[in-house]
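Below: one structure, written as structure tokens.
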């Protein structure tokens, strides 16, 4: 795991050999954006999907200007029902070699008990639609083409918190367990067809879900994480994507659950996230004030 480029080498033409196009859901920011750029830099055209047209159009221009690859924008809301027939119509004619199921939602940034979740009935539906249903539906749309060509890669983005039953993030963590088990089952079914299906389960990455926490030894930038995770593509049906996150995963599973589930530990987690969120709000407010003052 320390030397993935040596232990799990990929040829320079590996991604091009899979197909002309890569599809990335939740591509407008964070990890999805980083995957879209990384795959374009490896010579693939990319389909980027998200809710925000302005952001997607800007990203498409940046990818096109930087890499020279084609970019197709599909604006869609994965929290809604009955969107997949339209998506299938728009990508039906494409030679798709890579699918990155990245889109996902966190029910509440501040960790809380299940019954304390705001708008709980609606949240249950949107989490299942976004984190569970979308992944299965996108696989259903794209996997048949990969099977017929005998090649392809599907990366399903899970989370490090799915490594154990995780109180205060119960709904989110459980949805990501589905991602892992579904992916592992599919890999067993389609490995002999020449298709790689892998769960990628990061811990800290500096995205909106982590309040854009400053990158450090364990919290990576999206670009750093994606660059590292692609090195582990042949490392098995699940990877944490980087050396530091692999170590974190081992440590998390080594701590007795009765310690992690202690009330004092759970309260400390809540307080830590609340302080991080308050600090981020304070920094943003100060930055906006300075911007207005200097205009």
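Residue numbers (this note's numbering): 770 to 1064. Glycine included, each C-beta is placed from N, C-alpha and C at the ideal position. Only a predicted model underlies this, so the values are computations on that prediction, with no experimental measurement involved.
Whole-angstrom distance between residue j and residue i, CA atom to CA atom
i	j	result
residue 1025	residue 804	35 Å
residue 908	residue 964	12 Å
residue 845	residue 772	39 Å
residue 940	residue 874	11 Å
residue 1078	residue 784	Here the chain has residues from 770 to 1064 only, and residue 1078 is not among them.
residue 944	residue 849	17 Å
residue 819	residue 780	31 Å
residue 826	residue 842	7 Å
residue 774	residue 1045	35 Å
residue 931	residue 978	15 Å
residue 949	residue 925	8 Å
residue 802	residue 872	11 Å
residue 869	residue 1032	37 Å
Beta-carbon proximity check, residue i vs residue j, cutoff 7 Å
i	j	result
residue 976	residue 952	no
residue 813	residue 796	no
Segment limits, beta strand (DSSP E) that includes residue i
i	result
residue 925	921-926
Backbone secondary structure at residue i - three-state DSSP
i	result
residue 985	coil
residue 979	helix
residue 905	helix
residue 791	strand
residue 849	coil
residue 841	strand
residue 1022	helix
residue 880	coil
residue 934	coil
residue 886	coil
residue 918	helix
residue 798	coil
residue 1003	coil
Limits of the unbroken alpha helix (DSSP H) element including residue i
i	result
residue 998	991-998
residue 965	Residue 965 -> not in any alpha helix (DSSP H); beta strand (DSSP E) instead, spanning 964-969.
residue 833	822-836
residue 756	Limits of the chain in this structure are 770 at one end and 1064 at the other, which puts residue 756 out of reach.
residue 872	From DSSP, residue 872 is part of no alpha helix (DSSP H); its letter is neither H nor E.
residue 777	Where residue 777 is concerned, there is no enclosing alpha helix (DSSP H), given that its DSSP letter is neither H nor E.
Cross-strand partners of residue i (DSSP beta bridge)
i	result
residue 814	790
residue 1042	None, per the DSSP bridge assignment.
residue 865	790
residue 819	844
residue 974	989
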